[in-house]
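Taking the numbering used here, the leading residue of the sequence shown gets 1, the next gets one more, and so forth.
Beta carbons: idealized from backbone N, C-alpha and C, even for Gly.
The structure appears below as structure tokens.
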Amino acid sequence: MAKKQRKKNAPTKVWKFYEAGSELKRSGRFCPKCGAGVFMAKHRDRVTCGRCGYTEFLKSTS
Ligand SMILES: [Zn+2]
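Right, dumping it as structure tokens:
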């Protein structure tokens, strides 16, 4: 009669939080100004920080 006291390891909720933010996704890019933890919103040709407004243009090869 082993009771399951613990549920299966829940995925890191911290990621969920970020994903539910808005358009923020785990693009792997952090804002250089705000530091790690602040994701950059990925656009077609640039990434922007929704917190400080920092914008970084991406190099498009095509
Ligand atoms: Zn920022």
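Cα-Cα separation, residue i to residue j
i	j	result
G35	L58	19 Å
C31	Y54	7 Å
K33	H43	18 Å
Beta-carbon proximity check, residue i vs residue j, cutoff 7 Å
i	j	result
M40	R51	no
Assigned secondary structure, residue i (DSSP; H/G/I helix, E/B strand, else coil)
i	result
G53	coil
R46	strand
C31	strand
L24	Confidence is the limiting factor: at L24 the pLDDT is only 49, short of 50, which leaves the residue's position unreliable and the question unanswerable from this model.
Sequence-distant residues of the same chain with beta carbon closer than 8 Å to residue i, five excluded per side
i	result
T48	M40, A41, Y54, T55, E56
G37	F30
For ligand 1, which residues count as neighbours when the test is a C-beta closer than 6 Å to any heavy atom? C31, K33, C34, V38, C49, R51, C52, Y54
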